[in-house]
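What follows is one structure encoded as structure tokens, with my remarks underneath.
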Amino acid sequence: MTSRNKRRRPVGDMFPGMADRIEKRPPKAYAEPEALTLDEAIARSYAILDRVLAAFPVVATIGLFSGGNDSVVVNHLFRSRVDAIAHVNTGTGIPETTQHVRDVVAAWGLHLHELRPRHSYADLVMGRVLSTRGKNIGRQVWKGFPGPAGHSVMYRRLKDEPLQRLRGQIIGRQGRTRNVVYLGGMRWAETDRRFRNAEEVDREGALIWVSPIVHWTDAHMREYRARHRCNLPHEHAEHQLCWPDALPLNEVTVHLHMSGECLCGAFAKPGELDEIEFFYPAATKPLRELQQEAQERGLTACKWGQRPPGQRKGRRSAGRLCAKCDGIEGQTDLLAEWRESGLITSGQYDTFTRTDEQRAA
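Here the sequence shown is numbered in the working numbering, starting from 1 and rising by one per residue.
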């Protein structure tokens, strides 16, 4: 597998005095994103990848496609410049999202790496996964449903490990002389945390994480969707792929405002499982069954989406590929939106928003 962009020039020519890496801090001050037109933002996105391909011996450029609204834009934008698409099938997501990714990637004529974690979410929750290295060798890596404190474990085991394994399969032992680029949809505008921490380019050994739309604002995203998504008053093709250049639409994101490719529940909001179940009962059935098993075995953290007893509050990093897990200030009340639009009744709204104590009463 080879990169489609063959241009190479020394890193020192690009960044004097930096012989082995791209600048570390995100260049937020280089241009105000709000001042860029969409076409200027697109040009900057292409330039970000061009800079990386010119600086490093890249052997594969892989688009990361979760099925969410941001990842579909970045992959649509770069679909002619990637060698393949990767989707992590976490085993605890909404099946319709994974099928959406399969269908779209096939329509684009690209190869799909559908990755799966070594250990299942159920095994992690039930404490059946043991550490194989370090001072904790032989100990459980986690037990019970995760709250925010357990998210890093879930992220590493369910998402990062499969991607690291793919990187190893592509480059073998030739790290630093052979690099893989992963294109993600992380953006500064998503959250305050993203603005502080997100970078255009983040090199991790032989793996180069690139966020080419990191500077795009919500307005840029809306304009891009309006430009490429089919809004004609007709019966749409599946995923709204009504013409070759059309921007796909995942119906899961319409219903839930998230891709739902991972339902680890670490940052779930109250009633979220009920919301998901309303549209996708097949996705929540194994989670309900796992809750029952956890309760029967006496696990303390036996409820999906609830902070385990005694777990301290505090904000924790959500990981590169979990932008929406950390919560976005000002996010609309999705259930209220459904109620107002007539998608659910007032009675269903009351049922979904009822607390456990109210249900037990």
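Virtual Cβ for every residue (Gly too), placed ideally from N, Cα, C.
> Within this structure, are the beta carbons of Glu-261 and Thr-132 separated by less than 8 Å?
Replying inline: By 1-based counting over the sequence shown, the position of residue 261 is 261. By 1-based counting over the sequence shown, the position of residue 132 is 132. Not closer than 8 Å, so no.
> Could you give the residue range of the beta strand (DSSP E) that holds His-113?
Replying inline: Here residue 113 refers to the residue found at position 113 when the sequence shown is read from its first residue. Secondary structure note for His-113: its beta strand (DSSP E) is the uninterrupted segment 112-115.
>> Quick check on Asp-202: does DSSP put it in helix, strand or coil?
In response: Start at 1 with the first residue of the sequence shown, and residue 202 comes out as number 202. In this structure, Asp-202 counts as strand in the three-state DSSP scheme.
> Are the region 209-221 and the region 36-46 touching, with three or more C-beta to C-beta distances below 8 Å?
Replying inline: yes
> So who's on the other strand from Gly-379, going by DSSP bridges?
Replying inline: A query on residue 379 cannot be resolved here, the shown segment of the chain reaching from 1 to 361 and no further.
> Would the beta-carbon of Gly-305 fall within 8 Å of that of Gly-265?
Replying inline: Taking the sequence shown and counting its residues from 1, one reaches residue 305 at position 305. Taking the sequence shown and counting its residues from 1, one reaches residue 265 at position 265. Yes, Cβ-Cβ distance for Gly-305 and Gly-265 is below 8 Å.
> What do you get for Ser-211, buried or exposed, if any count of 16 or more other CB atoms within 10 angstroms of its CB means buried?
Replying inline: The sequence position of residue 211 within the sequence shown is 211, counting from 1. With 16 or more Cβ atoms within 10 Å of its Cβ, Ser-211 is classed as buried.
> Under 8 Å between the Cβ atoms of Arg-44 and His-228?
Replying inline: If you number the sequence shown from 1, residue 44 lands on position 44. If you number the sequence shown from 1, residue 228 lands on position 228. No; because the gap between Cβ atoms is not below 8 Å, this pair is not in contact.
>> For Asn-75, which residues in the same chain have their Cβ closer than 6 Å to its Cβ, ignoring the five residues on either side in sequence?
In response: On the sequence shown, residue 75 is found 75 positions in, with the first residue counted as 1. Result list for Asn-75: Gly-63 and Phe-65, in chain order.
> Can you list, in chain order, the residues of its chain whose CB lies under 6 Å from that of Gln-295, leaving out five sequence neighbours each side?
Replying inline: Position 295 of the sequence shown, counting from 1, holds the residue named residue 295. So the list reads Cys-302, once near-sequence residues are dropped.
> Roughly how many angstroms lie between the CA atoms of Met-186 and Ala-268, to the nearest whole one?
Replying inline: Along the sequence shown, one-based indexing puts residue 186 at 186. Along the sequence shown, one-based indexing puts residue 268 at 268. Each residue's alpha carbon lies about 20 Å from the other.
> Helix, strand or coil: which one does DSSP assign to Leu-207?
Replying inline: Position 207 of the sequence shown holds residue 207. In the three-state DSSP reduction, Leu-207 falls in the strand class (E or B).
> To which residues of the same chain is Arg-118 closer than 7 Å at the C-beta, ignoring the five residues directly before and after it?
Replying inline: Within the sequence shown, numbered from 1, the residue matching residue 118 stands at position 118. Cβ within range, chain order: Glu-161.
> Given Arg-178, which residues of its chain have a CB within under 7 Å of its CB, disregarding the five upstream and five downstream residues?
Replying inline: Here residue 178 refers to the residue found at position 178 of the sequence shown. Around Arg-178: Pro-57, Val-59, Ile-171 and Ala-206.
> Does DSSP classify Val-153 as helix, strand or coil?
Replying inline: Working through the sequence shown from its first residue, we reach residue 153 at position 153. Residue state, collapsed to three classes: helix.
> Could you give the distance in angstroms between the alpha-carbon of Asp-123 and the alpha-carbon of Pro-286?
Replying inline: As a first step, residue 123 must be located in the sequence shown, where it is residue number 123. As a first step, residue 286 must be located in the sequence shown, where it is residue number 286. Distance between the alpha carbons of Asp-123 and Pro-286: 13 Å.
> Between Gly-67 and Val-252, is the Cβ-Cβ spacing less than 8 Å?
Replying inline: Walking along the sequence shown from the start, residue 67 turns up at place 67. Walking along the sequence shown from the start, residue 252 turns up at place 252. Yes. Within cutoff.
> Does the separation of the CB atoms of Leu-183 and Phe-78 fall below 8 Å?
Replying inline: The residue labelled residue 183 in the question sits at position 183 within the sequence shown. The residue labelled residue 78 in the question sits at position 78 within the sequence shown. The answer is yes: Cβ separation under 8 Å.
>> Pop quiz: Asp-103 and His-234 are said to be a contact at Cβ under 8 Å. What is the actual Cβ separation, rounded to whole angstroms?
In response: Within the sequence shown, residue 103 is the residue found at index 103, counting from 1. Within the sequence shown, residue 234 is the residue found at index 234, counting from 1. Actually they do not touch by this definition, with Cβ atoms about 20 Å apart.
> Whose CA, out of Ser-346, Gly-347, Cys-322 and Asp-350, lies closest to the CA of Pro-148?
Replying inline: For the purposes of this step, residue 148 is identified with residue 148 of the sequence shown, where counting begins at 1. When only C-alpha atoms are compared, the closest one is Cys-322.
> For Arg-157, which of Thr-92, Arg-173 and Ala-106 has the nearest alpha-carbon?
Replying inline: Along the sequence shown, read from residue 1 onward, the residue named residue 157 stands at position 157. For the residues Thr-92, Arg-173 and Ala-106, the minimum Cα distance to Arg-157 belongs to Thr-92.
>> Within the continuous alpha helix (DSSP H) that includes Asn-231, where are the two ends?
In response: As a working mapping, residue 231 is identified with position 231 in the sequence shown. Segment: none, Asn-231 is in no alpha helix (DSSP H) and carries neither H nor E.
>> With a threshold of 8 Å between beta carbons, is Pro-248 in contact with chain C?
In response: Although the question refers to chain C, the structure presented lacks it and comprises just one protein chain.
> Excluding the five sequence neighbours on either side, which residues of its own chain have a C-beta within less than 6 Å of the C-beta of Arg-167, listed in chain order?
Replying inline: On the sequence shown, residue 167 is found 167 positions in, with the first residue counted as 1. Cβ within range, chain order: Val-180 and Leu-207.
> Applying the criterion that 16 or more other CB atoms from any shown protein chain within 10 Å of the CB defines a buried residue, is Ile-137 buried or exposed?
Replying inline: Taking the first residue of the sequence shown as position 1, residue 137 is located at position 137. When all chains shown are included, Ile-137 counts as exposed.
> Exposed or buried, which one is Leu-247 when buried takes at least 16 other CB atoms within 10 Å?
Replying inline: The residue given as residue 247 occupies position 247 in the sequence shown. Buried is the call here.
> Do the CB positions of Leu-299 and Gly-144 come within less than 8 Å of each other?
Replying inline: Walking along the sequence shown from the start, residue 299 turns up at place 299. Walking along the sequence shown from the start, residue 144 turns up at place 144. Yes; because the gap between Cβ atoms is below 8 Å, this pair is in contact.
> How would you write the range of the alpha helix (DSSP H) that Val-101 sits in, first residue to last?
Replying inline: In the sequence shown, residue 101 corresponds to position 101, counting from 1. Val-101 -> alpha helix (DSSP H) spans 95-108.
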